[in-house]
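In my numbering, the protein residues as written are 9 to 87.
Glycine included, each C-beta is placed from N, C-alpha and C at the ideal position.
Everything numeric in this text was worked out from a predicted model, so none of it was measured.
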């Protein structure tokens, strides 16, 4: 079970930056497809808010994976 936790730790560490990269690619694509003027501004604002909220979540995934990889969750309390 501890080996699975460490393997999933690597998965979480890789998932954090990968999700950030994917979200930035989506943001650039959607803002680029929006029509000029107010619609592009609104789309850029929406994606800015989404990224502002999602970046700390992705950082948390990396931290969680790092702790799992280090073995911090090997001895969990039983009560």
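When burial is assigned at 16 or more other CB atoms within 10 Å of the CB, is residue 69 buried or exposed? As a working note, residue 69 is residue 61 in the chain shown. It counts as buried.
So the alpha helix (DSSP H) residue 25 belongs to, where does it begin and stop? For the purposes of this step, residue 25 is taken as residue 17 along the chain shown, with counting starting at 1. Element bounds for residue 25: 10–41.
Check whether the segment 58–66 and the segment 29–48 touch, using three or more Cβ-Cβ pairs below 8 Å as the test. Counting Cβ pairs under 8 Å, three or more are found: they touch.
My output table needs one value for residue 45: the three-state DSSP class, helix, strand or coil. Residue numbering aside, residue 45 sits at position 37 when the chain shown is read from its first letter. Of the three classes helix, strand and coil, the one that applies to residue 45 here is coil, per DSSP.
Taking one C-beta from the segment 13–26 and one from the segment 44–57 each time, how about it: are there three or more such pairs within less than 8 Å? The segment 13–26 vs the segment 44–57: no contact.
Helix, strand or coil: which one does DSSP assign to residue 75? Here residue 75 corresponds to residue number 67 of the chain shown, with the count starting at 1. Residue state, collapsed to three classes: helix.
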